[in-house]
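For reference, the structure discussed in these notes is given below.
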Amino acid sequence: MKFAYTPPKEIKKGDFPVLGEVVTIENCFYYLSLMERFLRYKDSFDSERLKAMLARSELRYIKWRDIIETSPKDSHIFESFVPPLDVAYMWHAHMLSPFRYFEDAIRLGQMKMYKKNFPLAALHQSLFTGVTAAVDCQWRQFYGYEEPYILTLENVMSGTTTLPCSFCTADMECSWYEYTHWRHNPGVGIKCQVCLQDTTLSTASMARLNYDIEERAFLIAGTLLLPNGAVKSKYELKLQKALVHCVQEAVDQLPEGRLVTPSRSVDELVKLIERFCEDPHSLSQSRAKAAQPLGSAIRSCYHNNPSPFSLDLIQAVGRQHEFNYKATNMVNWQVPYGTGRAIRQYFMFLKIMVAYENQIMVPTLEIDLAWHTHMLHPQPYRAFTFKHITAMINHDDTISPETLREYADGTDKAWLNSLGHNLINNRESAENRTTKGSSFMGRFRKAMTIGFGSGDYYAGTLPDPLTPEMLRQAA
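The sequence shown begins at 3 in the working numbering and counts up one residue at a time.
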């Protein structure tokens with residue numbers, strides 16, 4: 003493997019660029035190593051068992067969060083208890099949606115988990131140490147002897163699991179084959195032997211929404227944050243107030259007296275919300291205005307998503323495949339030079355985001371490597387972006403390829419207008435360029451004068467990587 007070695011160290015202090023103390027050449031290298039290992043790991047499964055691995059990993063990750071969250075304050079379990087690769091990758095995919103990751107920590111009461119950085123160094127070290135006796139012992143303590151630490155082609159279908167019935171909440175035991183088939187196919191149901199009802203992805207997701215309403219006091223996924231990532235105050239929870247009204251209306255108007263039932267589809271639910279939010283006697287129409295964003299939040303966070311999280315992590319892992327492959331196979335990183343340039347370009351990318359605050363920016367592979375590395379440190383990432391950009395920058399990997407190309411063109415134009423050269427792999431630094439066109443100078447000056455103080459960013463003295471032409475000449 004290309005990244006199965008110890009990353010290079012600075013020859014002298016100050017050689018390497020650093021952003022926010024956590025976006026370092028070392029951490030970027032560890033992240034490349036993680037992606038390379040997961041791609042190889044996925045390749046060890048056939049298509050059917052790969053689905054089983056992902057379905058089983060999602061449940062293992064849910065339990066992993068509970069273990070970390072409920073461990074005593076003075077426990078050092080996290081430092082020594084390295085998650086297996088499948089759990090780590092699920093966790094990583096969750097972190098790469100910073101709004102959802104933060105909101106889920108609030109909703110699920112897992113802020114202790116939120117404060118944990120992703121263990122990049124420990125996972126890379128496990129390449130050389132394997133599964134230590136301490137890790138194996140801890141795993142068995144929390145997961146039992148029947149759940150293997152490492153899922154393989156041979157054991158991923160072994161054993162059974164349980165699934166709660168959406169209607170009577172009884173535990174339904176099923177094989178991993180049955181669970182995998184159910185988790186990946188919305189039309190598949192598992193019959194409860196108590197109430198004889200079929201639980202599908204749709205009924206499970208509706209049962210989860212009902213739980214969030216009744217047991218989590220209306221902490222509905224997709225409704226708790228402002229557009230800048232800040233938590234809404236009690237005076238800004240208009241969607242919750244509208245939902246409370248809809249629940250009350252359902253009690254009065256519906257035969258079953260309930261707004262959310264397992265057998266009701268998301269589309270049917272949204273139509274009921276729109277109907278109950280209509281208020282012709284209100285001058286402000288605030289309740290009617292809340293119906294659309296409330297319906298959108300329910301659709302995006304709950305539709306066929308049976309997990310407690312606000313996004314489908316199996317789909318999120320799938321969306322990362324292309325980036326993982328390209329980052330580890332199509333870029334000549336010339337470590338540490340390419341990763342150093344990635345950090346410097348990410349710094350400029352953040353600055354240009356401020357200058358073009360109403361424009362969606364699309365990163366290059368290099369910039370995305372540094373950006374992902376930053377997001378794998380959730381609390382530092384949130385603090386850094388709020389300090390310098392007055393918002394937590396979200397990372398949306400669900401944009402369609404056609405729209406993404408449009409945004410990418412706009413990003414390149416913004417980079418050219420601000421720095422005087424195109425974005426992709428240009429070796430000349432912004433300091434050696436001039437920006438033409440007075441209409442863009444104000445934006446440029448605003449971008450370049452953000453208050454990145456001491457300790458926030460250091461460009462380092464490491465040169466950029468050699469160009470293909472230079473490499474040919476050297477050969």
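From the three backbone atoms N, C-alpha and C, an ideal C-beta is built for every residue, glycine too. Model, not experiment: these values are computed from the prediction.
Scanning its chain for C-beta atoms nearer than 6 angstroms, with the 5 sequence neighbours on each side dropped, one finds around Ile69 the residues Phe144, in chain order.
DSSP, read as helix, strand or coil, puts Val89 in helix. Taking each of Ser99, Lys15, Ser160 in turn and checking the Cα distance to Cys176, the smallest one comes out for Ser160. Each residue's CA atom was taken as its position, placing Asn396 and Cys197 some 43 angstroms apart. Between Asn326 and Leu41, the C-beta gap is smaller than 8 angstroms, which places the two residues in contact. The criterion of a C-beta distance shorter than 8 angstroms is satisfied by Tyr43 and Leu87. With a threshold of 16 other beta carbon atoms within 10 Å, Cys279 meets it and is buried.
Sorting Leu211, Asp173, Trp178, Val356 by C-alpha distance to the C-alpha of Gln199 places Asp173 at the top.
For Cys176, the uninterrupted beta strand (DSSP E) segment begins and ends at 173 to 177.
Rounded to whole angstroms, Asn212 and Tyr181 show a C-alpha spacing of 22 angstroms. Contact between Ser207 and Asn119 does not hold, since the beta-carbon distance rounds to 31 angstroms and is not under 8 angstroms. The beta carbons of Ala344 and Leu378 sit no closer together than 8 angstroms. In summary, Asn230 is exposed, with fewer than 16 beta-carbon neighbours lying within 10 Å of its beta-carbon over all protein chains present. Rounded to whole angstroms, Phe388 and Thr134 show a C-alpha spacing of 39 angstroms.
Boundaries of the alpha helix (DSSP H) around Leu296: 288 to 304. Looking at the backbone, the Cα of Lys415 and that of Gln322 are separated by about 26 angstroms.
In the DSSP annotation of this structure, the continuous segment of the beta strand (DSSP E) that includes Thr163 starts and ends at 162 to 166. The segment 401 to 417 makes no contact with the segment 235 to 246, as fewer than three CB pairs between them are under 8 angstroms.
Annotated as distal: Ile108 and Pro310, with beta-carbon spacing of 8 angstroms or more. Our two residues, Phe5 and Val24, have alpha carbons roughly 19 angstroms apart in a direct line. Using a Cβ distance threshold of 8 angstroms, Leu256 and Phe220 do not count as a contacting pair. Judged by beta-carbon spacing, Met55 lies within the 8 angstroms limit of Val158, meaning their Cβ atoms are closer than that value. With 16 or more other CB atoms across the displayed protein chains lying within 10 angstroms of its CB, Ile27 is buried.
Going by C-alpha positions, His183 is about 34 angstroms away from Met332. Here Cys303 has Ala223, Gly224, Ser312 as same chain residues with Cβ atoms under 6 angstroms from its own Cβ, once five neighbours each way along the sequence are excluded. Look at Tyr459 here: in three-state DSSP terms it is strand.
One alpha carbon belongs to Asp214, the other to Val268, and they sit about 15 angstroms apart. In the pairwise beta carbon analysis, the segment 183 to 195 is classified as touching the segment 161 to 171: at least three pairs are separated by under 8 angstroms. Here Thr330 has Lys4, Phe5, Leu34, Met37, Glu38, Leu41 as same chain residues with Cβ atoms under 8 angstroms from its own Cβ, once five neighbours each way along the sequence are excluded. Per the C-alpha coordinates, the member of Gln242, Ser128, Ala95, Tyr460 positioned closest to Gln294 is Gln242. Taking a C-beta distance under 8 angstroms as the contact criterion, Leu468 and Asp17 do not qualify as a contact pair. The C-beta distance from Trp178 to Thr162 rounds to 7 angstroms, short enough to fall under 8 angstroms. Counting only residues of its own chain and dropping the five nearest sequence neighbours on each side, Glu276 has a CB closer than 6 angstroms to the CB of Ala293.
Per DSSP, Tyr237 lies in no alpha helix (DSSP H) segment and is marked neither H nor E. Along the length of the segment 306 to 337, whole alpha helix (DSSP H) runs at least 4 residues long occupy 315 to 321, 323 to 331, reported in chain order. At a Cβ-Cβ threshold of 8 angstroms, Ala57 and His186 count as neighbours.
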